[in-house]
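Residue numbers for the sequence shown follow our numbering, so the first one is 128 and each next one is one higher.
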Amino acid sequence: MAQERMDDWMEYARELARAERELRIERWVFISIECKDDAGNPVRLHSYDLPRELHERYRWVVRWREARLQCLYPKRQINTYYSYYDKRTGLRTDFNSALSRLSAAKAQISIAERKEREYLQYQRTNNLFFDESMDEQLVRFREKLRMKKEKYTALEHKIRSEVEFMQKLNRT
């Protein structure tokens, strides 16, 4: 397996950020600070609903609130729960969630299409006998890219149906 270069990681990060912007993913976090009552039922003491960037900048506020609530309820176990989601669709943005897989697939497709263009441009300028239909490497690459695009459209359709279902639930 070839060693990955830092340039590849940076390119992937840029494409991932671009894909999230194109998909209009608004990263938010719901923070719930809870404890259990005497019966064992969870009691929400405080909650925040913040944009993710704001949460990352002001994490100390959440830690301060946890400490304050621990001082108010010294004999109880204070638990903090974080739920990352997309504000526009309401879907989760955790690792391996549908939205994160969609943005990752979009980034990978963009990178692959760029690599294909670069390869074709190089071959057309430097190889007199280059034939796109006869190049086995290019044919295999295009087949894999086609399959990746099909998976992307299926995942996009799945997300759209989930969003429509959630919107129907919210209306009723």
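Idealized CB from N, CA, C, for every residue including glycine.
Consult DSSP for residue i and reduce its assignment to one of helix, strand or coil.
i, result
"residue 168", "coil"
"residue 90", "Residue 90 falls outside the range modelled here, since the chain spans only 128 to 299, and no answer is possible."
"residue 206", "strand"
"residue 214", "coil"
"residue 159", "strand"
"residue 186", "helix"
"residue 176", "strand"
"residue 219", "strand"
"residue 300", "Because the chain in this structure spans residues 128 to 299, residue 300 falls outside the shown range and cannot be described."
"residue 193", "helix"
"residue 131", "coil"
"residue 200", "coil"
Quick one, which of the options has its alpha-carbon nearest residue i's?
i, options, result
"residue 273", "296, 141, 235", "235"
"residue 292", "216, 212, 276", "216"
"residue 165", "188, 196, 296, 202", "202"
"residue 153", "227, 192, 142", "227"
Could you tell me whether any non-hydrogen atom of the ligand MG is closer than 8 Å to the CB of residue i?
i, result
"residue 265", "Ligands in the displayed structure: none, and consequently the ligand MG is not present."
What is the rounded straight-line gap between the Cα of residue i and the Cα of residue j?
i, j, result
"residue 170", "residue 195", "16 Å"
"residue 242", "residue 144", "18 Å"
"residue 150", "residue 199", "43 Å"
"residue 257", "residue 251", "7 Å"
"residue 211", "residue 231", "17 Å"
"residue 191", "residue 297", "34 Å"
"residue 282", "residue 137", "25 Å"
"residue 168", "residue 176", "22 Å"
"residue 128", "residue 135", "Only weak support exists for where residue 128 lies, its pLDDT of 45 falling under 50; the value from the coordinates is given anyway. In a straight line, the C-alpha of residue 128 is about 15 Å away from that of residue 135."
Could you check whether the Cβ of residue i sits closer than 9 Å to any Cβ belonging to chain B?
i, result
"residue 262", "As a matter of chain content, chain B is missing from the structure shown, which is built from one protein chain."
Segment contact flag, the region 200–210 with the region 148–159, C-beta cutoff 8 Å, min 3 pairs
yes
Using 8 Å as the threshold, is the region 175–187 in touch with the region 236–249, meaning 3 or more CB pairs across them?
no
Segment contact, 8 Å Cβ cut-off, at least three pairs: the region 254–268 with the region 280–295:
no
Identify every run of the alpha helix (DSSP H) within the region 225–273, keeping only runs that are complete inside it and at least 4 residues long; order them along the chain.
225–253
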